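Note sheet for the following structure.
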Amino acid sequence: MEIWIIGIVIVALMVYASTKIKKNAAKAFEREVIETDEFCVTKPEGLMHPLRERSEFAFEAFSKSFGNGDLRNFWQVNAELFVHGGKTLEDVCEEVKRSSETIAAEEILKDTPLDQRICLMEGEQIIDEVKKLVFWKIVENVPRKKVFEFRVFVLEKHLPDFISRIEEMIESFRVK
Numbered sequence: 101m102e103i104w105i106i107g108i109v110i111v112a113l114m115v116y117a118s119t120k121i122k123k124n125a126a127k128a129f130e131r132e133v134i135e136t137d138e139f140c141v142t143k144p145e146g147l148m149h150p151l152r153e154r155s156e157f158a159f160e161a162f163s164k165s166f167g168n169g170d171l172r173n174f175w176q177v178n179a180e181l182f183v184h185g186g187k188t189l190e191d192v193c194e195e196v197k198r199s200s201e202t203i204a205a206e207e208i209l210k211d212t213p214l215d216q217r218i219c220l221m222e223g224e225q226i227i228d229e230v231k232k233l234v235f236w237k238i239v240e241n242v243p244r245k246k247v248f249e250f251r252v253f254v255l256e257k258h259l260p261d262f263i264s265r266i267e268e269m270i271e272s273f274r275v276k
């Protein structure tokens, strides 16, 4: 009889722990505003921002789901922010063009903060032999001599599912 009581207590603790873990995991994919000393971006629902001690990116986020079939090792969507020191907007835009298969759209924004220059680009890149659609918001902070390259990759098949969330991230990305 005593062993049954101990067994029931252990099962109850396991159920409780499992429920807490599931709730915390679900919170990771909720909409969230990420703000640092240098930038601010809204991470939409369905993407997770991992907290890593060491990363080459100032910000990154990715979808819960992966592609299908041959693309099962690739996130449906992922976003990255890379900060370039000592470069200009033109330098980074040229690097983007050289690394892309195609650039479908490019626009230098006119209505920007006085100390910033901004370029929006859309195109395609082949990464690990997989074609991805890419959306960029490239912001030069002139006084700091830094260029913030915010890029969002999406597997072509999943663009309709994520386009509004991609637009939200690109629009919300601000350099301070």
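Just so we're aligned, residue 101 is where the sequence shown starts under this note's numbering, counting upward by one. Glycine residues also receive a C-beta, built at the ideal position from the N, C-alpha and C atoms. Since the model is a prediction, treat every value here as computed from it, not as a measurement.
Next on the checklist: Contact between the region 171-187 and the region 206-220 is defined here as three or more beta-carbon pairs at a separation below 8 Å; is this criterion met?
Outcome noted: no
Item to check | threonine 188 versus Ile203, Gln216, Asn173, residue with shortest Cα-Cα distance | outcome: Numbered from its first residue, the sequence shown carries residue 188 at position 88. Of the candidates Ile203, Gln216, Asn173, the one whose C-alpha sits nearest the C-alpha of threonine 188 is Gln216.
Checklist entry - From the DSSP output, which residues share a beta bridge with lysine 245? => result Looking up residue 245 in the sequence shown gives position 145. Lysine 245 pairs with nothing; no bridge assigned.
Item to check | Whole-angstrom distance between isoleucine 218 and valine 242, CA atom to CA atom | outcome: On the sequence shown, residue 242 is found 142 positions in, with the first residue counted as 1. On the sequence shown, residue 218 is found 118 positions in, with the first residue counted as 1. Taking the straight line from one Cα to the other gives about 11 Å.
Checklist entry - Thinking C-alpha only, which one of Glu132, Asn173, Leu171, Ala179 is nearest phenylalanine 248? => result As a first step, residue 248 is located in the sequence shown; it is residue number 148 there, counting from the start. Minimum Cα distance to phenylalanine 248 is reached at Ala179.
Checklist entry - Just checking my contact of serine 163 with leucine 151 at CB under 8 Å: how many whole Å lie between their CB atoms? => result To locate residue 163, count along the sequence shown from 1; it is residue 63. To locate residue 151, count along the sequence shown from 1; it is residue 51. About 17 Å; that fails the 8 Å criterion.
Next on the checklist: Less than 7 Å between C-beta atoms, sequence neighbours within five positions excluded: which residues of the same chain meet that for asparagine 173?
Outcome noted: Numbered from its first residue, the sequence shown carries residue 173 at position 73. Closer than 7 Å at Cβ, skipping near neighbours: Phe166.
Item to check | Straight-line gap, arginine 278 to aspartate 228 (C-alpha atoms, nearest Å) | outcome: This structure cannot settle anything about residue 278, because the visible part of the chain is limited to 101 through 276.
Next on the checklist: Need the endpoints of the beta strand (DSSP E) that phenylalanine 262 sits in, please.
Outcome noted: As a working note, residue 262 is residue 162 in the sequence shown. Looking at the DSSP string, phenylalanine 262 is not in any beta strand (DSSP E); the run it does join, the alpha helix (DSSP H), is 259-272.
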